[in-house]
Each structure stands twice: as C-alpha cells, then as structure tokens.
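In the working numbering, the protein residues as written are 2 to 432.
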C-alpha cells in the first residue's frame, strides 16, 4: 500500500509545521498550498518536509478552490487539512468537493467570521454575550444615545484574530475611537476579502478558559480545558496558558454542554475546535467565540507534555477518516508564559531567561535584539515564551511565576527595565 498523501493548506506557522513533521515521521507524503509571498519565506527545513507545493491566489477563494481541488486530485490526496484559521472555510469546501472528511461547507464561515458566528450561536441557543453588529460609526452613536449598550463592553472586528483590534471600553467618550480601532485593524492574511463590520459585545466578568476538542463524524471528544492568564486594561493579551484546568464537575458539564452547542452551531463535523469561554463566579458559562482549529499559543505542545496526547497525529487521523487516539497516557500539568515589552523602543536585551531542562522543555525568544518592539496590544506582540511542566499543578504554576519574575526585558529608553511578569494577572478577559 502506498503512503498516504496529505495536502496541508498552509505549511507556515508553528502548528502547521508540527503537522508536517508528524506526517513525514509517519511516512506520509506532505504537499502544501500557499501563496507566492508566503512560500518565499519557507525555510530550508520546512521545504525538505514537502513533496510538492501549490502556489495559489488565496485572495480569490473561488479560484483557489478550483486550483486546490485540481491539485488534490492530481496527487491523489487522501486528506486535506489546515491549522490556519483564515483557511478553514476554504478547507471545508475543498473537503466537500473531494469527498474527504471535513466540516459543513455551508456553515464554515461561522467559525471564522464573528458576526456570522453570533447569529449561529443565537439560532442554536448557545449561551453567549449579547452581540450587536454595526456597519458604521453613526450606528454606534445611535446606540450610545439610546443607551442600548452598557459599559464595560467589548468592541472588536468581525473577522479579526489574536485579539487584533479588540478594545474593552469603559469610557463612553472613547467609543468612536474603539470603533475605529476595530474597523481599521489589519485584517486576515493573503489579501482575503475583509468583513468591514464591527461588533459591540457585552462584557462578561469571570475566569477565561478555552476548551480543546476533536470531533469525528459528528462525535466530539474534549481533550481538556486550558486556563488563560491575560493582561488587564483596554487591550487584553493572553500571556499564559495552563492545562489541564480543573473545573468542578457540575461546571465542567455545563461548559462542555455549551461548547458542544457551539460546535454544532458552526458545523464542525470532522476536525479540531478551540472554544473560548468565560465562567463566572456562579459557574455559569458564556461562549465568547470558537475556531475550527486547534488552539494556538503552544497549546498543542502543552497537551503533549501534560497528557501525552499527540494532537498533530490526531488531526491527521481525523482528516484521513481514521479513529484518533485521544486517551491521555500521562497525568501531568503544563504551562506556558509569554514575554512582553513595557513600552515602545529598541529591544536591548532579555536577561534571566531559564535554561532548558526536563521541567522546562522549551525556552524561545522570537524577537531579535535590536528590533523595535512595543507594548503587546495583540497576541502577535509577544516577544517569546517558556514552558514549564511537572506532575503537580501548584508547583508548576509557582515555578512558572518565579521564572517569569527573574526575566528582565530591557528596551532602550529613559524608563526603567521591565520585569517580564509585571503586567500579567490570571483571571477575567474577553479575548
């Protein structure tokens, strides 16, 4: 029997790279789809993993779909998958045309566009914050005048990701500025047609989690909950993930129930999902949003360290129509902490970074000394990270905080050096 052929919609990025490595380690042929500018940035290591690559104009989804389906048929693709959120609607359409396991193509946009998502949530009875969809500033002014939204609230772009363009509004005088931040924020990748609408959403206080799940043929397995650590203030950035998060049994059942409703609402039938929820002090769950992908921010790596689950192989098995191995093989705990800059300037140094060892399996600085940096207002503004793992959740969390406190981010200016952990607090956050 010949080796399975896997077509990966975009091989760039940490999660996509993990899938490509897992596939080649299993003896699969891996092909990729990307656009010419992104392909030019593929490194030598990634190129060596690939048996072929289709360069497509991803800014024109209809044309790209024809090219992808044609290429998949030429190579005899046994599976098509992606870790790239922006390409999930295109993936669902390609899988449907090829007769491969995938998600509902008619509803795939609802896992990408938050305006469509809010409508799907309402239709399927998902417990979610009240959301108003606006097309221009005048609508926002009318809402303010009529008192139809209360403060604090969240204003964000309909098709953003990674907290880009998101504002937690507490001052009504800044409402128009928040709308403009959302409306003018960088949108998407590949020049895909943007959704110019802006959402005004009720703010939900509580503790933020995400739920990582795999669905096969409409049956969902929840791998675990991830507790988030977020910054406070106008812009909320995720600066820590820890898993598996322990929830009281009743709360866990309520969270899983709402997550499954959300999965159904956006038509996820075969593949991963990353559902962001907030649990209030009474254990009530609100679904903030969902993506038809595994969680980013090294959540897949944490799953492997803490639970022994290989999410990349599970995604490949799901795309190939095979049963995925989702039962934990170990019971440990893992946490990632991200580094941020205190202000704008030239990154002069990062001191106090821990050394890698069995309990600290990853330490990575993604931003080079000499580059211009600024305060993280989106997840993309993080400078680097380290991971801590071990058998005891309390000990891992204490070690992570102690290591973070020893790291100093030095940015050229007249201000004092910045302790890397100072802006991060665990708990509530709308993104």
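We treat Cβ as the ideally placed atom computed from N, Cα and C, and that holds for glycine.
*Note the first and the last residue of the continuous alpha helix (DSSP H) segment covering residue 178.*
Start and end: 176-184.
*Assign residue 356 to one of two classes, buried (16 or more other C-beta atoms within 10 Å of its C-beta) or exposed (fewer than that).*
exposed
*Which same chain residues, not among the five before or five after residue 321, have their C-beta less than 7 Å away from its C-beta?*
5, 79, 80
*For the beta strand (DSSP E) holding residue 211, just list the boundary residues, first then last.*
208-217
_Chain-order list of residues whose beta-carbon lies under 6 Å from that of residue 219 (same chain, five-residue window excluded)_ = 270
*Taking three-plus beta-carbon pairs below 8 Å as touching, is the region 108-118 in contact with the region 208-222?*
no
*Contact check, residue 9 vs residue 33 under 8 Å by CB: the rounded distance?*
5 Å
*asked:* Less than 7 Å between the beta carbons of residue 368 and residue 354, yes or no?
replied: no
*Rounded straight-line distance, which links the Cα of residue 205 to that of residue 400*: For residue 400 and residue 205, the distance between alpha carbons rounds to 30 Å.
_Burial state of residue 318 (16 or more Cβ within 10 Å)_ = buried
*Excluding sequence positions up to five away, which residues of its chain have a Cβ less than 7 Å from the Cβ of residue 350?*
So the list reads 370, 411, once near-sequence residues are dropped.
*For residue 374, write down the residues that DSSP places opposite it in a beta bridge.*
346
*asked:* Among 364, 236, 340, 75, whose alpha-carbon lies nearest the alpha-carbon of residue 153?
replied: 236
*Can the beta-carbon of residue 125 be found less than 7 Å from the beta-carbon of residue 262?*
yes
*Along the beta strand (DSSP E) that carries residue 75, what are the first and last residues, could you check?*
Run containing residue 75: none in the beta strand (DSSP E); it sits in the alpha helix (DSSP H), 62-76.
*Burial state of residue 297, where buried means 16 or more other Cβ atoms lie within 10 Å*: buried
*In the DSSP assignment, what are the bridge partners of residue 32?*
Under DSSP, residue 32 takes part in a beta bridge, and its partners are 8, 53.
*Per-residue burial, residue 287 [other beta carbons within 10 Å of its own, 16 or more giving buried]*: buried
_Length of the line joining the Cα atoms of residue 310 and residue 304_ = 6 Å
*For residue 248, the three-state DSSP class (helix, strand or coil)*: Residue 248 falls in the coil class under three-state DSSP.
*Which of helix, strand or coil does DSSP assign to residue 149?*
Residue state, collapsed to three classes: coil.
*Pick out whichever of 365, 397, 390, 345 has its Cα sitting closest to the Cα of residue 375.*
345
*Might you give, ordered along the chain, the residues of its own chain that have their beta carbon closer than 7 Å to the beta carbon of residue 56, omitting 5 neighbours on each side?*
35, 36, 37, 40
_If I measure Cβ to Cβ from residue 31 and keep anything under 7 Å in the same chain, skipping five residues before and after, which residues do I get?_
7, 9, 21, 24, 25, 50, 51, 52
*Is there contact here, the region 148-167 with the region 193-208, by at least three beta-carbon pairs under 8 Å?*
Yes: the two stretches touch, three or more of their Cβ pairs being nearer than 8 Å.
_Going by C-alpha to C-alpha distance, which of 17, 3, 42 sits closest to residue 28?_
Checked all of 17, 3, 42; the closest Cα to residue 28 is 3.
*Let me know the secondary structure DSSP gives residue 436 once reduced to three states.*
The structure shown does not extend to residue 436, since the chain is modelled only from 2 through 432, so no value can be given for it.
*asked:* Please tell me whether residue 273 and residue 294 are closer than 7 Å, where the distance is taken between their beta carbons.
replied: Yes, Cβ-Cβ distance for residue 273 and residue 294 is below 7 Å.
*For residue 1, which residues of its own chain have a beta-carbon under 8 Å away from its beta-carbon, when the five flanking residues on both sides are left out?*
Because the chain here runs from 2 to 432, residue 1 falls outside it and cannot be looked at.
_Length of the line joining the Cα atoms of residue 168 and residue 381_ = C-alpha separation (whole angstroms): 16 Å.
*Using three-state DSSP, classify residue 204 as helix, strand or coil.*
coil
*Residues in its own chain within less than 8 Å of residue 183 by CB, not counting five upstream and five downstream?*
The answer, listed in chain order, is 156, 157, 158, 161, 166, 167, 168, 199, 200.
_Span separating the alpha-carbon of residue 284 from that of residue 70_ = 45 Å
*Buried or exposed for residue 196, please, with buried defined as at least 16 other CB atoms from any protein chain shown within 10 angstroms of its CB.*
buried
*Endpoints, beta strand (DSSP E) assigned at residue 277*: Following the DSSP letters along the chain, one finds residue 277 inside the beta strand (DSSP E) bounded by residues 272-280.
*asked:* Tell me which residues share the same chain as residue 136 and place their Cβ nearer than 6 Å to its Cβ, disregarding the 5 neighbours each side in the sequence.
replied: 198
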